[in-house]
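>
Protein chains in written order, with our numbering: chain A, 48 to 243; chain B, 132 to 252.
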């Protein structure tokens with residue numbers, strides 16, 4: 048199976064536990080390494096719950112800060128990822144309740160700062176909107192599983208461990224989610240993009 | 132493997148890492164927000180920094196204690212002799228001769244004759 052995410056995977060053999068111990072002592076580089084390593088998985092979980100990329104980014108930021116504040120509570124630093132995703136789920140749940148009072152400052156500037164006027168960017172934005180709309184039609188667990196698998200590149204075993212479901216269930220969710228997304232988006236849109 | 136469901140969905144349009152520069156900004160935003168927490172943790176982890184942080188309040192507290200102690204010392208007069216009718220009464224009550232108690236309070240060393248005199252009484 049081809050992987051669309053392998054290109055962004057920097058090889059860093061340092062285990063999470065090492066970074067967690069260093070982050071506890073206030074090592075900014077270690078904390079940054081954890082953020083970079085787990086941002087996409089956190090984003091996948093947040094997006095699955097909120098169906099909006101910008102909201103998901105706000106939740107990620109909030110969740111990483113909360114994780115740092117409570118990092119002593121991470122009793123098994125080698126399982127930092129699972130622990131972090133639990134925080135993301137909780138923060139996203141809270142965020143959904145208070146979505147309307149979101150501060151305007153946050154990350155709007157980050158989106159605005161990027162070049163967004165070219166035809167390709169407009170196309171990407173359109174595709175993103177459609178994809179978010181299609182994702183919103185899936186069940187929450189389907190969204191989480193398909194995003195963790197196809198966006199973050201986790202294996203079914205890893206997804207099962209992090210979401211506390213069976214591997215078989217993870218496979219089933221991916222299968223049904225892909226099928227539904229292709230039906231909702233039109234296979235052509237996804238295929239054309241995939242073939243680029 | 133020809134089943135379309137075997138192929139992953141391309142989520143690159145929602146991938147926060149797809150644009151490296153934008154992703155860097157996202158990470159920097161998180162690190163900037165975490166700066167205070169990280170600084171506090173560095174301080175907690177370093178005893179020298181911790182002592183340095185306590186230096187000012189410790190100096191202020193020491194100054195306050197010095198002022199209070201100075202005031203008290205200037206106002207309190209130490210009695211020339213602790214022996215009073217009350218202390219003599221206590222010495223008698225516990226069975227110590229008044230003269231012996233007086234020597235103890237004054238810190239004077241009695242002569243052997245004086246000692247015999249007291250115990251003979």
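Even glycine gets a Cβ: it sits at the ideal position worked out from N, Cα and C.
Using a C-beta to C-beta distance shorter than 8 Å, which residues of chain B count as neighbours of residue 75 of chain A?
For the purposes of this step, residue 75 of chain A is taken as residue 28 along the first chain, with counting starting at 1. Simply 162, 165, 166 and 169.
> For the putative contact between residue 210 of chain A and residue 193 of chain A, defined by C-beta atoms under 8 Å, what is the C-beta separation to the nearest angstrom?
Stepping through the first chain from its first residue, residue 210 of chain A is reached at position 163. Stepping through the first chain from its first residue, residue 193 of chain A is reached at position 146. So it is not a contact: roughly 12 Å between Cβ atoms.
> Kindly indicate which residue of B/248, B/242 and B/240 has the alpha-carbon position closest to the one of residue 228 of chain B.
Sequence index remark: in the second chain, residue 228 of chain B carries index 97 (1-based). When only C-alpha atoms are compared, the closest one is B/248.
> Whole angstroms is fine: what's the gap from residue 201 of chain A's alpha carbon to residue 195 of chain A's?
By 1-based counting over the first chain, the position of residue 201 of chain A is 154. By 1-based counting over the first chain, the position of residue 195 of chain A is 148. Their backbone Cα atoms lie some 6 Å apart in a straight line.
> On the three-pair Cβ rule with 8 Å, is the stretch 105-115 of chain A touching the stretch 187-202 of chain B?
Segments in contact, no.
> Kindly list, in the order they appear in chain A, the residues whose Cβ is closer than 7 Å to that of residue 176 of chain B.
Position 45 of the second chain, counting from 1, holds the residue named residue 176 of chain B. Chain A residues near residue 176 of chain B: 72 and 73.
> Could you pull the start and end residues of the alpha helix (DSSP H) that residue 110 of chain B belongs to?
With chain B covering only 132 through 252, there is no way to say anything about residue 110 of chain B.
> For residue 227 of chain B, which of helix, strand or coil comes out of DSSP?
Here the question's residue 227 of chain B lines up with position 96 in the second chain. The answer is coil: DSSP assigns residue 227 of chain B none of H, G, I, E or B.
> Could you check what DSSP says for residue 248 of chain B in three-state terms: helix, strand or coil?
Taking the first residue of the second chain as 1, we reach residue 248 of chain B at position 117. If DSSP states are grouped into helix, strand and coil, residue 248 of chain B belongs with the helices.
> Under a three-way DSSP split, which group does residue 121 of chain A fall into?
Here residue 121 of chain A corresponds to residue number 74 of the first chain, with the count starting at 1. Coil.
> Using C-beta distances below 8 Å, list every residue in its chain close to residue 173 of chain B, excluding the 5 sequence neighbours before and after it, in chain order.
Along the second chain, read from residue 1 onward, the residue named residue 173 of chain B stands at position 42. Correct list, in chain order: 180.
> When you compare only the Cα positions, how much space is there between residue 176 of chain A and residue 88 of chain A?
As a working mapping, residue 176 of chain A is identified with position 129 in the first chain. As a working mapping, residue 88 of chain A is identified with position 41 in the first chain. About 20 Å.
> From residue 189 of chain A to residue 73 of chain A, what distance separates their C-alpha atoms?
On the first chain, residue 189 of chain A is found 142 positions in, with the first residue counted as 1. On the first chain, residue 73 of chain A is found 26 positions in, with the first residue counted as 1. Taking the straight line joining both Cα atoms gives about 37 Å.
> Can you pull the chain A neighbours of residue 179 of chain B, defined as C-beta to C-beta under 8 Å?
By 1-based counting over the second chain, the position of residue 179 of chain B is 48. Simply none; closest approach about 14 Å.
> Which of the three DSSP states is assigned to residue 147 of chain B in this structure?
Counting from one through the second chain, the residue named residue 147 of chain B turns up at place 16. Three-state DSSP puts residue 147 of chain B in coil, outside helix and strand.
> Could you tell me if residue 137 of chain A is buried or exposed, where buried requires 16 or more neighbouring beta carbons within 10 angstroms of its beta carbon?
Residue mapping note: residue 137 of chain A aligns to position 90 of the first chain, counting from 1. Classification for residue 137 of chain A: exposed.
> Short of 6 Å in beta carbon distance, which residues of its chain neighbour residue 199 of chain A, apart from the five on each side in sequence? Order them along the chain.
One-based indexing of the first chain puts residue 199 of chain A at position 152. For residue 199 of chain A, where only same-chain residues beyond five positions count, the Cβ hits under 6 Å are 87, 88 and 91.
> Which residue's Cα is closest to the Cα of residue 119 of chain A: A/174, A/67, A/227 and A/63?
Translated into the one-based positions of the first chain, residue 119 of chain A becomes position 72. With distances taken between Cα atoms, residue 119 of chain A lies closest to A/67.
> With 7 Å as the limit, tell me which residues of the stretch 107-129 of chain A have their beta carbon closer than that to any beta carbon of chain B; keep them in chain order.
Answer in chain order: 108, 111, 112, 115 and 116.
> How long is the line joining the alpha carbons of residue 245 of chain B and residue 231 of chain B, rounded to whole angstroms?
For this step, residue 245 of chain B is matched to residue 114 along the second chain. For this step, residue 231 of chain B is matched to residue 100 along the second chain. Each residue's Cα considered, the two are about 10 Å apart.
> Mark residue 242 of chain A as exposed unless 16 or more other C-beta atoms lie within 10 angstroms of its C-beta, in which case mark it buried.
As a first step, residue 242 of chain A is located in the first chain; it is residue number 195 there, counting from the start. Here the model assigns residue 242 of chain A a pLDDT of 46, short of 50, so the residue's position is not dependable and the matter cannot be decided.
> Tell me whether residue 102 of chain A is buried or exposed, calling it buried when 16 or more other Cβ atoms sit within 10 Å of its Cβ.
Taking the first residue of the first chain as position 1, residue 102 of chain A is located at position 55. Residue 102 of chain A comes out buried.
> If the cut is a Cβ gap below 7 Å, which residues of chain A does residue 140 of chain B touch?
Indexing the second chain from 1 puts residue 140 of chain B at position 9. 193, 197, 225, 228 and 237, listed in chain order.
> Any Cβ of chain B within less than 8 Å of the Cβ of residue 100 of chain A?
What you label residue 100 of chain A is simply residue 53 of the first chain in a count that begins at 1. Chain B contact via Cβ: present.
> Let's test the definition: count the other Cβ atoms within 10 Å of the Cβ of residue 54 of chain A and tell me whether it reaches 16, buried, or not, exposed.
Counting from one through the first chain, the residue named residue 54 of chain A turns up at place 7. Because the pLDDT at residue 54 of chain A is just 43, under 50, the model does not fix this residue reliably, and the point stays unresolved.
> In this structure, does DSSP put residue 176 of chain A in helix, strand or coil?
What you label residue 176 of chain A is simply residue 129 of the first chain in a count that begins at 1. Correct three-state label for residue 176 of chain A: helix.
> Per DSSP, what kind of secondary structure is residue 54 of chain A in: helix, strand or coil?
In the first chain, residue 54 of chain A corresponds to position 7, counting from 1. Caution is warranted here: a pLDDT of 43 is assigned to residue 54 of chain A, below 50, making its placement in the model unreliable, and no coordinate value can be reported.
> Can you name the start and end residues of the alpha helix (DSSP H) that residue 141 of chain A belongs to?
To locate residue 141 of chain A, count along the first chain from 1; it is residue 94. Start and end: 127-144.
> Which residue's Cα is closest to the Cα of residue 80 of chain A: A/127, A/117, A/121 and A/181?
Locating residue 80 of chain A in the first chain gives position 33, where the first residue counts as 1. Nearest C-alpha to residue 80 of chain A: A/127.
> When the Cα atoms are used, what is the spatial distance from residue 164 of chain B to residue 217 of chain A?
Here residue 164 of chain B refers to the residue found at position 33 when the second chain is read from its first residue. Here residue 217 of chain A refers to the residue found at position 170 when the first chain is read from its first residue. Straight-line Cα distance between these residues: approximately 35 Å.
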